[in-house]
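Going down the list, the protein sequences come from chains A and B.
Going by our numbering, the letters in the first sequence line up with residues 27 to 247, in that order.
Going by our numbering, the letters in the second sequence line up with residues 27 to 247, in that order.
Glycine residues also receive a C-beta, built at the ideal position from the N, C-alpha and C atoms.
Notes for the one structure printed next.
2 protein chains.
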Amino acid sequence: MTNILSKLPFWGNLSETQKKYIEQNTIIRHYEKGSSIFSRGNSCLGLTYIIKGSIRVYINSEQGREITLFRLKEDDPCVLSASCVISQLSFETQMETEESCDLLIINSSAFRHITEENIYVRCFMYELMTKRFSSVMWTMQQILFSKFDSRLAAFLINESEKTNSMEIHMTQEDIAKQVNSAREVVARMLKRFAADGLIKLRRGNIIINDIHSLRKIGNGN
Amino acid sequence: MTNILSKLPFWGNLSETQKKYIEQNTIIRHYEKGSSIFSRGNSCLGLTYIIKGSIRVYINSEQGREITLFRLKEDDPCVLSASCVISQLSFETQMETEESCDLLIINSSAFRHITEENIYVRCFMYELMTKRFSSVMWTMQQILFSKFDSRLAAFLINESEKTNSMEIHMTQEDIAKQVNSAREVVARMLKRFAADGLIKLRRGNIIINDIHSLRKIGNGN
C-alpha cells in the first residue's frame, strides 16, 4: 500500500506521523464495472486514487439526464470523491466505474484532518480541483457551443487516434453517453455520415472511410 | 495601497521582502462601465481585487454567443485574470465591468514569482479557483437542466430579494444576458408572465404582482 501512497504528490511533504496516520486510514477496494462509487446518502468517500480501471464523473438532472464531465484513469487521484472536505464546493457529482476498478481510498475524515494540518495537502487538493475545473470547462464549451455534427465527428476522430485504428468498437448508446446526447440523435447523424461516405456502419462497430472529410467536419469546416 | 493589499488572505503569510516586492508591482486602475478588462491579445493581467464596482465573467463562442459564468463585486479577488500563471487552466474567460470599477492589480509576472516562492499564495490561488469552479457548476446546471420559465422566474425573485423591492429596473436585453438567453425569448416569457398576472411590464421596469405564484414557478412547480 505504501508504494502506491508514495505516488501521491504530497507524500514527500508529510511528517512520519502523518504518513503513518494516513496508512492506518487507507483501504484498497475493488469495484465491478458499472458500479456507482458513491452509495446513496454517502457521497463523501474520501481521497481516491485509481490503481486499475477507469471512472466516469458526471452530473445528473432531477429528470435523470446525465452530463459526463470527465473521465479518470489509472494513476489519477480524485478529490471530488472527498467533496465534503472541500468547503468551497456546493455541487455534487456522480462517479461510475467504466471498467472494473481497484481504488485506493483515504477515508474522508482522515483526509480532512491532514488537509487542515498540512498546507501542501491542502494545496494539492485545490490544485487538482483547478485541473478538473479546466476539464469541465472544455466539456461545457463543447456542449454549449459546438454544432452536433462537428462534435460527433471530432469524437470519432479522437477515438480513432486514441486506439490508433480506423475501427471504433462502440455501440451508439455508448457514443451517445460520451458525447452527451441521445442515442437517436447519434444514430441519425451516423447514418448521415454513412450516407455521405465518411464512415461505414457495422453492428457495434464503425469504420472510418474518409478521415480527411471527417476531420474537416470535426474542425467545424 | 497597503491597506488594500493587507485584505488579501495570504498577506500575513508573506515575508517583509515579499510584501515590498508585491507593493512595487501593484497598481490601481480605473475602468469605465462596460470596459473589457482584457485588451486583445493580453489576456493575462495579473491578480485583481475589486476596490469598487462589479465585473461579469463570461465565455463566448466563436459565433459570439455569451455565457455568463459568475459575477464579482467589491472586495472580491480574482485569479482568472492571471490565467497565464495557472498552468492547469486551458480555457479563457472574458471579463467586463458592469459598473465603473477601481481595480487593484498585481501584475502577472510578480504574482507568478510569488506563487512559486510561497505555498500559501499558491494555495490561495487554487482555493479561489475551486470556489469559482463551484459557481460555474451552479450556472451550468441552471443552463443545462432548468426549464426556461422556471429559470426566468427564479431570476426575477432573486433580483427582487437582492434589491429588497418588487420593482426590477432592468431592460429585457440585460435580463437576457444574465439568464443566458436571447432577448426575444425573455420578451416572450415576460409577456406570458404578464398575461398570467404574475408581473406588470413597464418600460425598462418590471413590477412583481404575484410573488407567491412566481416563486412556485421558480421552484419548478
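{"Asked": "Would you mind sorting residue 198(A) into buried or exposed? The rule is 16 or more other CB atoms within 10 Å of its CB.", "Found": "buried"}
{"Asked": "Measure the C-alpha to C-alpha separation of residue 36(B) and residue 102(B) and round it to an integer number of angstroms.", "Found": "14 Å"}
{"Asked": "Would the beta-carbon of residue 48(B) fall within 9 Å of that of residue 108(B)?", "Found": "no"}
{"Asked": "In whole angstroms, what is the alpha-carbon distance linking residue 57(B) and residue 64(B)?", "Found": "11 Å"}
{"Asked": "Less than 9 Å between the beta carbons of residue 130(B) and residue 75(B), yes or no?", "Found": "yes"}
{"Asked": "Would you grab the beta carbon distance between residue 116(B) and residue 99(B) for me? Rounded to a whole angstrom, and I think it's under 8 Å.", "Found": "With 8 Å as the limit, residue 116(B) and residue 99(B) do not qualify as a contact, their Cβ atoms being about 27 Å apart."}
{"Asked": "Between residue 84(A) and the ligand ADP, is the CB less than 8 Å from at least one heavy atom?", "Found": "No copy of the ligand ADP occurs in the structure displayed, which carries no ligand at all."}
{"Asked": "Looking at C-beta atoms only, is the number of pairs between the region 170-184 of chain A and the region 117-128 of chain A that lie closer than 8 Å three or more?", "Found": "no"}
{"Asked": "Between which residues of its own chain and residue 42(B) is the CB-CB distance below 7 Å, once the five residues before and five after are set aside?", "Found": "none"}
{"Asked": "Just checking, does the region 228-240 of chain A make contact with the region 152-168 of chain A on the three C-beta pairs under 8 Å criterion?", "Found": "no"}
{"Asked": "Applying a beta-carbon distance threshold of less than 9 Å, which residues of chain A neighbour residue 157(B)?", "Found": "114 and 115"}
{"Asked": "Looking at the secondary structure, which residues open and close the beta strand (DSSP E) in which residue 36(B) lies?", "Found": "Segment: none, residue 36(B) is in no beta strand (DSSP E) and carries neither H nor E."}
{"Asked": "For the region 165-182 of chain A, list every residue whose C-beta sits within 8 Å of some C-beta in chain B, in sequence order.", "Found": "166, 167, 169, 170 and 171"}
{"Asked": "From the DSSP output, in three-state form, read off residue 105(A) for me.", "Found": "coil"}
{"Asked": "How is the beta strand (DSSP E) around residue 83(A) delimited, first residue to last?", "Found": "80-86"}
{"Asked": "Could you name the residues of chain B that residue 149(A) contacts, counting a contact when the two beta carbons are closer than 8 Å?", "Found": "145, 148, 149 and 152"}
{"Asked": "What number of angstroms, rounded off, separates the C-alpha of residue 73(A) from the C-alpha of residue 244(B)?", "Found": "36 Å"}
{"Asked": "Run through chain A and tell me which residues come within less than 8 Å of residue 160(B), C-beta to C-beta.", "Found": "114, 115, 116 and 117"}
{"Asked": "List, in order along the chain, the chain B residues whose C-beta lies closer than 9 Å to that of residue 215(A)?", "Found": "Within chain B, no residue comes near residue 215(A); the closest Cβ sits about 20 Å away, beyond 9 Å."}
{"Asked": "I'd like to know whether the C-beta of residue 121(B) is nearer than 9 Å to at least one C-beta of chain A.", "Found": "no"}
{"Asked": "I need the straight-line Cα distance from residue 179(B) to residue 133(B), nearest angstrom please.", "Found": "41 Å"}
{"Asked": "For my contact list, residue 209(B) and residue 220(B) are in at a C-beta cut-off of 8 Å; report their separation, rounded to the angstrom.", "Found": "Contact doesn't hold; Cβ gap of about 16 Å is too wide."}
{"Asked": "At which residues does the beta strand (DSSP E) containing residue 51(A) begin and terminate?", "Found": "Counting along the chain, residue 51(A) falls outside any beta strand (DSSP E), and DSSP gives it neither H nor E."}
{"Asked": "Starting from residue 125(B), trace the beta strand (DSSP E) in both directions and tell me its first and last residue.", "Found": "Careful: residue 125(B) lies outside any beta strand (DSSP E) and carries neither H nor E."}
{"Asked": "By DSSP, does residue 60(B) sit in helix, in strand, or in coil?", "Found": "coil"}
{"Asked": "In the DSSP assignment, what are the bridge partners of residue 75(A)?", "Found": "103(A) and 130(A)"}
{"Asked": "Provide the residue span of the alpha helix (DSSP H) that contains residue 209(A), from first to last.", "Found": "209-221"}
{"Asked": "Suppose you measure from the CA of residue 141(A) to the CA of residue 54(B); what does that come to, to the nearest Å?", "Found": "35 Å"}
{"Asked": "Considering Cα atoms alone, identify which of 204(A), 159(A), 152(A) and 193(A) is closest to residue 174(A).", "Found": "204(A)"}
{"Asked": "Is there a Cβ from chain A that is less than 9 Å from the Cβ of residue 163(B)?", "Found": "yes"}
{"Asked": "Would you identify the three-state DSSP class for residue 182(A), choosing helix, strand or coil?", "Found": "helix"}
{"Asked": "State the DSSP-derived secondary structure class of residue 193(A), mapped to helix, strand or coil.", "Found": "strand"}
{"Asked": "Can you tell which of 78(B), 84(B), 50(B) and 128(B) has its C-alpha closest to the C-alpha of residue 206(B)?", "Found": "84(B)"}
{"Asked": "Short check: CB of residue 242(B) to CB of residue 227(B), under 9 Å?", "Found": "no"}
{"Asked": "On the DSSP bridge assignment, give the partners of residue 92(A) in chain order.", "Found": "86(A)"}
{"Asked": "Taking DSSP as the reference, what is the three-state secondary structure of residue 114(B)?", "Found": "coil"}
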